[in-house]
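Numbering (the numbering used here), first residue to last: 16 to 434.
Positions of the beta carbon are idealized from the N, C-alpha and C atoms, including for glycine.
I have placed the structure first, in the form of structure tokens, so that the comments after it can refer back to it.
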């Protein structure tokens, strides 16, 4: 069954979460035909749907839409610190990176990720991985790739190789990545923590340059994601028409103040319909208090966590669309740990398990322009389905116990057959 799409496959489980925000369905019967969801029933399957069906029983398990990680870096190796990740990137040629990216993509799939958006590579190698997967040479998630991120000379992620220092440079860079086959455009609006010498609190591009990036991408039918840590970059990105804000950390412009959350600016984000992507996995590692750490460190961790909780809660209260992602590949953030971020959202940030699942299925699908095809388990959508052991509506950590991964109606990973 892993190498072919059954004419009609019927999945029977204990619970189904459809990703729409609706209450879970007990004793669901999910019918897949021709790579899409044909029907969702409860209890007995109607006789008309039994013809030619292959049944797969998953007692004690939850069915949910394939997870979407909207922020990964497939060519990064998740080394122990930023310097180690940069060093490995510099040491490896494009052939090395191609193999690494493919390996990382397959790791995502086994973790229940059926769609991933790569937010910056080097040498456009992720586009080759995307094609190899789509051509059926390898199993993997559906990939949306930006190619190298557009940054400035000496800017954050400059070692990925695509620099733009003027309006014409920005326009040329956008056209160039689209010409090479990028699914969307990634621009590094502020500095970042990973790059020495860049300033995460300050903008790297002028408002005019950001507008050119967005308008040129939109003219070519592509969306734009902006790396955005400092509050200084929010208004220019809003005015430019950027489609998704990655991180949106509200770092204050001046170092005397760590963060600068501005409610009116948050309301503007909410009114605009922009989706903010929160790379949560690092928080699992960095902010949940370490009971083995010295007491002073625990106190500092708790203070940071409370400040983050307050900003996160305020963004939700003000109606900002929020999706959960991982930033997999950066220091310490492995490609099999996506669900750690969902656990943080539930345990530390006050989201319900259902809301966290919706923020990693339906919401990113819509933000990435794929809402008509994936993100929810409703008739007509692509059959991207994950089965996990346990009740994921009550225990978000059930998503760490993946038993089956299906993409486009094809079983690509099964825990019972995995080596």
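Secondary structure of residue i, DSSP reduced to three states
| i | result |
| --- | --- |
| residue 75 | strand |
| residue 388 | coil |
| residue 291 | strand |
| residue 53 | strand |
| residue 82 | strand |
| residue 222 | helix |
| residue 394 | coil |
| residue 330 | helix |
| residue 154 | coil |
| residue 230 | helix |
| residue 20 | Only weak support exists for where residue 20 lies, its pLDDT of 47 falling under 50; the coordinates are left without a value. |
| residue 382 | helix |
| residue 41 | strand |
| residue 297 | helix |
| residue 205 | strand |
| residue 120 | helix |
| residue 28 | strand |
| residue 411 | helix |
| residue 336 | strand |
| residue 281 | helix |
| residue 416 | coil |
| residue 422 | strand |
| residue 93 | coil |
| residue 434 | Reliability of the predicted coordinates at residue 434 is poor, the pLDDT of 44 falling under 50, and the value obtained from them is presented with this limitation in mind. Coil. |
| residue 322 | helix |
| residue 48 | strand |
| residue 68 | strand |
Exposure of residue i, with buried meaning 16 or more beta-carbon neighbours within 10 Å
| i | result |
| --- | --- |
| residue 156 | buried |
| residue 358 | buried |
| residue 340 | buried |
| residue 69 | exposed |
| residue 261 | buried |
| residue 375 | buried |
| residue 434 | With a pLDDT of 44 at residue 434, under the threshold of 50, the modelled position of this residue cannot be trusted; read the value that follows with caution. Exposed. |
| residue 174 | exposed |
| residue 166 | buried |
| residue 195 | exposed |
| residue 286 | exposed |
| residue 112 | buried |
| residue 422 | buried |
| residue 145 | buried |
| residue 164 | buried |
| residue 110 | exposed |
| residue 76 | buried |
| residue 435 | With the chain represented from 16 up to 434, any question about residue 435 goes unanswered, as that position is not in the structure. |
| residue 294 | buried |
| residue 95 | exposed |
| residue 234 | exposed |
| residue 236 | exposed |
| residue 348 | buried |
| residue 36 | exposed |
| residue 58 | exposed |
Continuous alpha helix (DSSP H) stretch holding residue i: start and end
| i | result |
| --- | --- |
| residue 237 | Per DSSP, residue 237 belongs to no alpha helix (DSSP H) and is neither H nor E. |
| residue 253 | 249–255 |
| residue 358 | 353–362 |
| residue 129 | Segment 128–133 is the beta strand (DSSP E) holding residue 129; no alpha helix (DSSP H) there. |
| residue 103 | 97–106 |
Contact belief for residue i with residue j at Cβ below 8 Å, rounded distance in angstroms
| i | j | result |
| --- | --- | --- |
| residue 160 | residue 141 | 4 Å |
| residue 383 | residue 85 | 6 Å |
| residue 411 | residue 371 | 6 Å |
| residue 258 | residue 240 | 7 Å |
| residue 209 | residue 171 | 7 Å |
| residue 324 | residue 364 | 6 Å |
| residue 126 | residue 426 | Not a contact, Cβ separation roughly 16 Å. |
| residue 389 | residue 78 | Rounded, the Cβ-Cβ distance is 15 Å, inconsistent with contact. |
| residue 408 | residue 32 | 6 Å |
| residue 23 | residue 67 | 5 Å |
| residue 277 | residue 245 | Wrong, their Cβ atoms sit about 12 Å apart, outside the cutoff. |
Distance cut-off 8 Å: residue i Cβ against heavy atoms of the ligand ATP
| i | result |
| --- | --- |
| residue 113 | Of the ligands one can find in the structure shown there are none, so the ligand ATP has no counterpart to examine. |
Residue range of the unbroken beta strand (DSSP E) whose run includes residue i
| i | result |
| --- | --- |
| residue 372 | Run containing residue 372: none in the beta strand (DSSP E); it sits in the alpha helix (DSSP H), 368–373. |
| residue 259 | 259–266 |
| residue 425 | 425–429 |
| residue 345 | Note, residue 345: premise wrong, no beta strand (DSSP E); not H, not E. |
| residue 246 | Segment: none, residue 246 is in no beta strand (DSSP E) and carries neither H nor E. |
| residue 402 | 400–404 |
**Item:** Segments assigned alpha helix (DSSP H), at least 4 residues, entirely inside the stretch 138–187
**Value:** Segments of the alpha helix (DSSP H) lying fully in the stretch 138–187: 140–149.
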